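S.K.: Top to bottom, those sequences are chains Z and H.
One rule links them: number in my numbering = place in the first sequence (from 1) + 249.
One rule links them: number in my numbering = place in the second sequence (from 1) + 1.
Here it is, the structure, as structure tokens.
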Amino acid sequence: MNAKKELQVSAIQNGTVIDHIPAEYLFQVITILGLDKCGNSVTFGNNLESKLLGRKAIIKISEKFFKDEEINKISLIAPHAKLNIIRDYKVAEKKIVETPKKVVGIARCMNPKCITNVEAVTTRFHVINTSPITLKCHYCEKITDLKNIRIV
Amino acid sequence: MDNKSLVSIDDYTKEEILEVLARAAEFEKNPNCNLLEGKVIASLFFEPSTRTRLSFETAISRMGGRIVGFTDSSSSSVTKGETLKDTTKMVSNYCDLIVMRHPIEGSARYASEVSDVPVINAGDGANQHPTQTMLDLYSIMKTQGTLENLNIFMVGDLKYGRTVHSLLMALSHFNPTFHFIAPPELEIPRGYKIFMDKNDIKYFEHTEFDDIINDADILYMTRVQKERFVDPLEYEKVKNVYILKNNMLANTKDNLKILHPLPRVNEIAVDVDTNPKAYYFQQALNGVYARQAIIAKALNL
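This is the structure in structure tokens:
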């Protein structure tokens, strides 16, 4: 069964596999991680079956190894994402994403009267709860909860 | 004292709150001084606010400072499309301190980050109005002799009232017991209840405005604003329920003081004004001393 799943997206020799991404957020994860501008070989599959998520996406990036703070950016929209670090076609290391204490430039404040929605100000949030994710705007101090999170 | 902006009441620790209140008491004894001699203070009011602006300008004038600025955005370059960032950076070149009122929430925090001089938030939309909170605290301290262990009753629009929220946060340092009196549509937001639960702060909620106020040390009145109601009939039902009348004060505590951030409409009957427990006009005067102390702290004077 596992082998069949792997075949849906071709294997990589070295790099990172990001699994358990909610299907609807695949392209946002690509944007957040800058993969749309990345010169490496990137393959992805979407709407794959998942017991955890129903439908999931998976991304494989060749010759790319993320720093923790880079990958943790996706925790807002893909809190269950798992990373497999691949070396010579084998899983060398497994990681899970962790919610950072601060979220900068990723999410939009849900308050339409917030300065970040009026002028070109980089959004900044303090994470006041991780499950469910709850963000407090650094500027207007309003709360943005999980169902209202929009990625910039 | 640190040289720093005051954007949110949370920017002050308990010790800093007490330090500023003590300084306000000094300014009340000697309001006229030359602490700001040679200093230029920018008063940037992007929306009109006569009371707050005049209070600040009085504070600055009594300290010997000079004021530049504007009283509403129509007389500034905002009408030409200039951003808040550019206005703030430009003005911060000219002055030693910026006092700013702006309708957009978070604008004061942002201004404090792009400004080269301290920024004092004189109100940013429905978010924060920390100098109002400091004058409320000063009024409570003056009339009660302490901020500790008081019964604080808050009445009216507790959902949208930023002065209520900031005062609640500031008093949380001082072991208060809160009583919130409001219609269900305007009850204190859940986030503040979670905050009080987490910090073991006692609070009670009521919808009726009656003799429960006999336990109050401070009765903090606010306006129930018609425009906050989705259903105008709901407003009609409650609009006269939260009017404080003089006869309601007959059995209240001797030390009770009635506060209101003003302007008042009809939520405090005029016959209350002559009651010695009415304190809202003195409260407004206290704003000058509190703001003198805040300015002195921001400029490390």
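The C-beta atom is built at its ideal place from N, Cα and C for all residues, glycine as well.
The structure presented is a predicted model; accordingly, all values stated were derived computationally and were not measured.
(1) What three-state label does DSSP hand Z:M359 in the structure shown?
(2) Which runs of the beta strand (DSSP E) fall wholly inside the region 17 to 77 of chain H and span at least 3 residues, in chain order?
(3) For H:Y95 versus H:A60, is the C-beta distance shorter than 8 Å?
(4) Kindly identify the DSSP beta-bridge partner or partners of H:F154.
(5) Look at the alpha carbon of H:K199 and the alpha carbon of H:I189, and state the distance between them as a whole number of angstroms.
(6) For H:Y204, report the span of its beta strand (DSSP E) as first-last.
(7) Once you ignore the five residues that flank H:D137 on each side, which residues in its own chain have a CB closer than 6 Å to its CB?
(8) Using only the alpha-carbon positions, how far apart do H:N308 and H:D125 sit?
(9) Using the rule of at least 16 other Cβ atoms within 10 Å of the residue's Cβ for burial, across every protein chain shown, is H:K298 buried or exposed?
(10) Could you check if H:D211 is buried or exposed, using at least 16 other CB atoms within 10 Å of its CB as the buried criterion?
(11) Please confirm whether Z:N397 has its beta-carbon closer than 8 Å to some beta-carbon of chain H.
(12) Below 8 Å between beta carbons: does that hold for H:I153 and H:I213?
(13) Under 8 Å between the Cβ atoms of H:L132 and H:A171?
(14) Near H:G162, what residues of its chain come up, given a Cβ to Cβ distance below 6 Å and the 5 sequence neighbours on each side ignored?
(15) If you check the beta carbons only, do Z:I400 and Z:Q277 fall under 8 Å apart?
(16) Quick one: is Z:Q262 buried, meaning 16 or more other Cβ sit within 10 Å of its Cβ, or exposed?
(17) Below 7 Å on C-beta distance, what does H:F111 contact in chain Z?
(18) Taking the beta carbon of H:Y139 as the centre, do at least 16 other beta carbons fall within 10 Å, making it buried, or is it exposed?
(19) Going along chain H in order, which residues have a C-beta closer than 9 Å to the C-beta of Z:V352?
(20) Please classify H:V242 as buried or exposed, where buried requires at least 16 neighbouring CB atoms within 10 angstroms.
(21) Assign H:A285 to one of three DSSP states: helix, strand, or coil.
(22) In chain H, what lies closer than 9 Å to Z:I392 by C-beta?
(23) Can you have a look at H:N35 and say buried or exposed, based on whether 16 or more other CB atoms are within 10 angstroms of its CB?
(24) Using only the alpha-carbon positions, how far apart do H:E29 and H:I141 sit?
(25) Give me the chain Z residues within the contact set of H:I1, using Cβ-Cβ distance strictly less than 8 Å, ordered along the chain.
(26) For Z:V376, return the contacting residues in chain H, with the cut-off set at a CB-CB distance below 8 Å.
(27) Do H:N247 and H:A270 have their C-beta atoms within less than 8 Å of each other?
(28) So is Z:V401 in contact with chain H if we call contact Cβ pairs under 8 Å?
(29) So, at 6 Å on beta carbons, what are the nonlocal neighbours of H:M2 in its own chain, with the 5 sequence-adjacent residues on each side left out?
(30) Closer than 8 Å is the cut-off here; do at least three beta carbon pairs connect the region 287 to 303 of chain Z with the region 350 to 362 of chain Z?
(31) Check the Cβ-Cβ distances between Z:N360 and every residue of chain H, and say whether any is below 8 Å.
(32) Ignore the nearest five residues each way along the sequence and tell me which others in Z:Y338's own chain have a CB closer than 7 Å to its CB.
(33) Report the partner residues of Z:R336 according to the DSSP bridge assignment.
(34) For Z:I382, which of helix, strand or coil comes out of DSSP?
(35) Ordered along the chain, which non-local residues of its own chain (more than five positions away) have a Cβ less than 7 Å from that of Z:I320?
(36) I need the straight-line Cα distance from Z:T379 to Z:V367, nearest angstrom please.
M.R.: Let me spell this out:
(1) coil
(2) 41 to 46 and 67 to 71
(3) no
(4) H:H180 and H:L220
(5) 16 Å
(6) K203 to H207
(7) L168
(8) With chain H running from 2 to 302 in the structure shown, residue 308 of chain H is simply not present.
(9) buried
(10) exposed
(11) no
(12) no
(13) Leu is not the amino acid found at residue 132 of chain H; the sequence shown has Thr there. For H:T132 and H:A171, no; Cβs fall outside 8 Å.
(14) T223
(15) yes
(16) exposed
(17) Reading off the sequence shown, one finds Tyr at residue 111 of chain H, where the question assumed Phe. Here the neighbours are I364, V370 and Y388.
(18) buried
(19) Result: empty, since nearest Cβ-Cβ is about 15 Å, beyond 9 Å.
(20) exposed
(21) helix
(22) G192
(23) exposed
(24) 15 Å
(25) This structure gives no information on residue 1 of chain H, because the portion of chain H shown stretches from 2 to 302.
(26) Per Cβ cutoff of 8 Å: no residues; Z:V376 is ~15 Å from chain H at best.
(27) yes
(28) no
(29) Only weak support is given to the placement of H:M2: the predicted model assigns it a pLDDT of 39, under 50, and the value that follows is read from those uncertain coordinates. Result list for H:M2: K298 and N301, in chain order.
(30) no
(31) yes
(32) A260 and Q262
(33) Z:K339
(34) strand
(35) L332 and V346
(36) 27 Å
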